[in-house]
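Protein chains in written order, with the numbering used here: chain A, 1 to 498; chain B, 1001 to 1498.
The C-beta atom is built at its ideal place from N, Cα and C for all residues, glycine as well.
On a predicted model such as this, the values are computed, not experimentally measured, just so you know.
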C-alpha cells in the first residue's frame, strides 16, 4: 500500500521533471542554435511549459499524496527524505499565488529589455523604474515566503536552503580584512606579466583544446556535449545528458580555457548525481553554493594551480607553439593568477572577485530592508568600488549595469558565488589533507583522486543533506573562511614574493 | 462575448501547440545532437509531453468551448473554419481511448526494437509477431475511427483527410500501365552513365554546397537552419523556426544534394504558413500529400530538370572541378535521371519509385482487410517486386524489412508519397501554363516565380481547404495522374531517345 503510494508520488514528480527538463532543452537551444526569428515564439513555449509544471506541482492531488506519505512509517530513509523535501517545496510553491507569479514574471520580462536599453544608452536611470518594481515584488515575495530576521534571508534561502544574512555577514566579516590586507601587499609588490594571453589564438585550435581539457578532467562526452553560446553555462536534461557551453575570443585565450574548466566542474557534479533518482529531490543538486563550489574547485583550486599546469602546459605549447614559445610554465602560472582591481566582476581575478560580490550583497541587503531605494544604487556602487578596490567607475555600463541578475529578478544569488569559493577551498584542503601526495599526482596529470573524492563525498547525496551538513560530513567542520584565506595567502606570497 | 470565447479557444489551443512544438524540439535534438546516454530518458520526456498535450486537447473544458463556438454566427470565415477543424480533430481524438493509445504506443516501441533486431539478423520472422500486433491494433483503430467502405480508408484519412482506397486505386490504375510501358521502353534503350556521382566528394565542400543551394531556392536561414542527422527530415517549432537535416556520404554526391532540395521543399511550405495562425488549424499544413508535393516539386520537377542545372551546374563544377571536369551539363542531367529497377525505395529513381509505393500500398490494404496476415508479407513482397520491376529480392533486409514505417505503426502513409508526386506535377504544369517563359527564367537561375506561385496558391491556406479542394482552386481541376505521366514521358523520351 505504502509502496503503491510512493510509486504514485514518484510517477507524478518524474512527469513534472520531464516537463521541466523539456523547458531546459528549449532554453539550451535558444542559447545555442535557434535561428534569429525563432526567439519570439520560443519565449511563450518556455513560459507554457513552466506553467504546466507549476500547475501539476501545486495540484491538490499531489498535495494529498504527500500528506498521506508523511504519515507512513514504512518508507526507507531515502524515500522519507524525498517526501520531506517535496513537502517543503510544495508548501513553498503554494505560498506564491499564481497571480503574483504571473505579474512578477511580466515585470521581469519588461525589466530585462529595459536593462538592455539602459546598457545601450549607458544610463542607469532608464533601468531604474523597472528595477524598483522588481525590488518591490521581491519585498512582497520575501513577505509571502516568510523569514525570521531579515527579509533578504527569504530570498537567499531560495538558492541555498539555510543560508542567511547572519551566516553571510559573519563569513564576509572574516574574509574582507584579510583580502584587503593581501590586496594592499600585492599592489606594492612588483607586478607579473600576463600579456601572452592576449595574442591571436586560432579559434578552431582553441575549440579542440577546450574539448581535450574537458576530457582530461573526466567530463563524459557520452553523457554530455559542449557547444558555443554568448555566455557560457551548464544545463542538464538528466544526469545522462549534461551540456556545457563556452565562448571563444580570438584575442583572449583565458576566456575559453577557464570557462571550460568552470563549466566542467558544474557538469561533473550533474553527471555524478544519482541517475536512479531522476526527477526526485535526491537526484537534484544540494544548493547553488555547493554547485558553485564544484565549478570553482576545478577552475581555481585545480585549474589555476601550478601542479596542474606542470603537466598540461605541454598541450598548450603544442597547440600554440608560437604564442607560448618564450613563456615558461612558471611565468604562465604567474600570468594566469595576476591580481588587478578592475570594474567587471566576470573578468576579475580570484582575489578581487570577492569584493565585487560583497558590493552586490550589501546593496541587495539594503534594498530589501528598505534602507536604500534603487535611485541610490549608482552612487553607492561607485563609492564601494572606490573604498574596496580603489578604482573610479567611469560609467553605468562598467558599473551597476554590468550584471543581468537584477533584471532577471535574481536577488540573493550573488553571495553563493563567494560562498562557493569558500566551500571549494575547504573541500580542496580536505582532499589534500587526506591524500598527502595529491599535488604530486596532479603534477603527473592525475586528477582522478579529486574526482573520486567528490564522487564519494558530494555527488551521490543530491539534496539529502543541506549545504552546511554536507560540508560538515565531508570535511569534519562547518564552512569556515580560513581555508580560502590560507589558499590565497599561500598562492600570492609565492607569486608576488610577499 | 463571442470574441472573448474565441480568444479562450485560441489561447488553449496555442498552449497545446507550445507543448507539441516543445516535443518536436526534443525530437529534433534527439536526431541531431543528443549524447549517446541521453536517449533513454529523452524517450520518456517526449512521451510525457505528448500525454500532456493530448489530455489538454480532449479535456471537457476544451470540448465545451468548441461546442459553444459552433453555435455562434458572428465568427469570421477564418475563425469559423478553425473551430470546425478543431471540432473535427477533437472528436477524432476522443474516439481513441487513452488506454488504447497507451497500449498501442507500447507495442510500437517494442516493435521498433524488434525491427532493428530483425534487420540485424536479416530475418523478417524476428519482426513478424510484433508487426502482427501492430496490424491488429491498426484494425482496431480503423474500427474506432470509423469508415464507409474499407478499413484502410480510416488510416489513410489520418494523413490526408478525404483520401481513401477508391481514389488511390483509381489513380494507381491509371498510373501503373503507363509507367510499366515507359519502363519497358527504357530497359530496351541504350543506358546512360551516372558513375560520376560516385567519386570521392569532400564532405565539408558538400556541406557548403548544400547550404548554398538552400539559399538559392529561397530557404530563409533567419527562420531556420540545417544540421546533420542519420535520416534527413524537416521539422518546425513555428513557421519562424523550421529545421532541415541532411546526411553526407563521401562517395554519393546525389544523396546530399537531392535530400537538401527535397527537405527544402518541405521547409519552404512550413516557412510560408501564416505565422499569425500559430497553433491553430489554419497555421498547419493541409495534408501529408500536399506536404510531399512541395518536396517533390523542388526535388524533382525543378531539381532534376535541365533548365535548373543549366544555371546551377557552374557551382557544382567550381566546388568539385576535378570530379565534373569531363561531364557536360547534358550528361550530368542524364546521369541524375538514370532509371534502373532497384530494391531500396529511398534510393529509387523518379519513375520506378512509384512501384515501390504501390507494392506497399497493396500489402497494407490487404493486411487491413484481412485477406493476408503478416506471415504472408515476404513472399508477396518478393512476388510483386518480380512482377513490377523484374528483380529478385535477395533477402529481407533488402526487401520487406527496409522501411521503418510499419515498426512505427504508420499504416496508410506510403500512398501520400506517390500522390504528392502527382500533385507536384500538376502544380508544376499549371505554373508553366500560366508563365510560358518559366523554364527560360529557371535557366537563368530565377526560381522566384515558382516560389511566388506557391506563396499565392498553396502556403497561405494552411488547412483551410482539403487537398482536393486546394488542388481544384490552384490548378482548375482535381488531381489527375495525366500531368505526372506527361512529365515522365517528356523527360525520358529525350534522355533515352525513345
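Sheet register partners of residue i (DSSP bridge)
{"i": "residue 1236(B)", "result": "1242(B)"}
{"i": "residue 1226(B)", "result": "1244(B)"}
Residue-level contact to chain B via CB, residue i, 8 Å cutoff
{"i": "residue 26(A)", "result": "yes"}
{"i": "residue 274(A)", "result": "no"}
{"i": "residue 410(A)", "result": "no"}
{"i": "residue 389(A)", "result": "no"}
{"i": "residue 18(A)", "result": "yes"}
{"i": "residue 429(A)", "result": "no"}
{"i": "residue 345(A)", "result": "no"}
{"i": "residue 21(A)", "result": "yes"}
{"i": "residue 158(A)", "result": "no"}
{"i": "residue 365(A)", "result": "no"}
{"i": "residue 278(A)", "result": "yes"}
Residue-chain proximity (residue i, chain A), Cβ-Cβ < 8 Å
{"i": "residue 1038(B)", "result": "yes"}
{"i": "residue 1035(B)", "result": "yes"}
{"i": "residue 1221(B)", "result": "yes"}
{"i": "residue 1240(B)", "result": "yes"}
{"i": "residue 1464(B)", "result": "no"}
{"i": "residue 1204(B)", "result": "no"}
{"i": "residue 1153(B)", "result": "no"}
{"i": "residue 1433(B)", "result": "no"}
{"i": "residue 971(B)", "result": "Past the boundaries of the shown model lies residue 971(B); chain B is included only from 1001 to 1498, so the question cannot be answered."}
heavy atom of the ligand ZN below 7 Å from residue i C-beta
{"i": "residue 209(A)", "result": "In the structure on display, the ligand ZN does not appear, and there are no ligands present to speak of."}
- Task: Scan the segment 243 to 259 of chain A for residues whose Cβ lies nearer than 7 Å to a Cβ of chain B and list them as they occur along the chain.
- Result: none
- Query: Given a limit of 7 Å on CB to CB distance, which residues of the segment 1068 to 1099 of chain B reach chain A?
  - Reply: none
- Complete beta strand (DSSP E) runs within the segment 362 to 441 of chain A (minimum length 3 residues, chain order): none
- Item | Runs of alpha helix (DSSP H) wholly within the segment 451 to 493 of chain A (minimum 4 residues, chain order) | 467 to 475
- Task: For the segment 1385 to 1398 of chain B and the segment 1416 to 1433 of chain B, state whether three or more C-beta atom pairs, one from each stretch, are separated by less than 8 Å.
- Result: no
- Item | Minimum length 3: unbroken beta strand (DSSP E) runs contained in the segment 241 to 329 of chain A | 242 to 246
- Query: Would you call the segment 238 to 248 of chain A and the segment 356 to 365 of chain A in contact, with 3 or more CB pairs under 8 Å?
  - Reply: no
- Query: Taking any Cβ of chain B, which residues in the segment 38 to 52 of chain A have a Cβ under 9 Å from it, in chain order?
  - Reply: 38, 39, 40, 41, 42, 44, 45, 46, 47, 48, 49, 51 and 52
- chain A contacts made by the segment 1179 to 1202 of chain B, where a contact means CB separation under 7 Å: none
- Only counting runs of 3 or more residues, tell me where the beta strand (DSSP E) segments fall wholly within the segment 1134 to 1191 of chain B, in order along the chain. none
- Query: If you measure beta-carbon to beta-carbon, which residues of the segment 1224 to 1238 of chain B are closer than 9 Å to chain A?
  - Reply: 1224, 1225, 1227, 1237 and 1238
- Item | the segment 1059 to 1068 of chain B contacting the segment 61 to 68 of chain A, beta-carbon criterion three pairs below 8 Å | no
- Item | Touching by the beta-carbon criterion (3+ pairs, under 8 Å), the segment 464 to 480 of chain A and the segment 1030 to 1038 of chain B | no
- Message: Tell me which residues of the segment 298 to 329 of chain A have at least one Cβ-Cβ distance to chain B shorter than 8 Å, keeping chain order.
- Response: none
- Message: Using a Cβ distance threshold of 8 Å, determine whether the segment 1195 to 1211 of chain B contacts the segment 485 to 497 of chain A, with at least three qualifying pairs required.
- Response: no
- Using a Cβ-Cβ cut-off of less than 7 Å, give me the residues of the segment 1003 to 1016 of chain B that come near chain A, in sequence order. 1015
- Query: Counting pairs of beta carbons, one from the segment 161 to 174 of chain A and one from the segment 213 to 229 of chain A, are three or more of them closer than 8 Å?
  - Reply: no
- Item | Stretch-stretch touch, CB-based, cutoff 8 Å, three pairs: the segment 1470 to 1484 of chain B with the segment 1421 to 1430 of chain B | yes
- May I ask you to verify whether the segment 1343 to 1352 of chain B touches the segment 1393 to 1404 of chain B, counting CB pairs closer than 8 Å and requiring at least 3? yes
- Item | Segments of 3+ residues assigned as beta strand (DSSP E) that fall wholly inside the segment 4 to 55 of chain A | none
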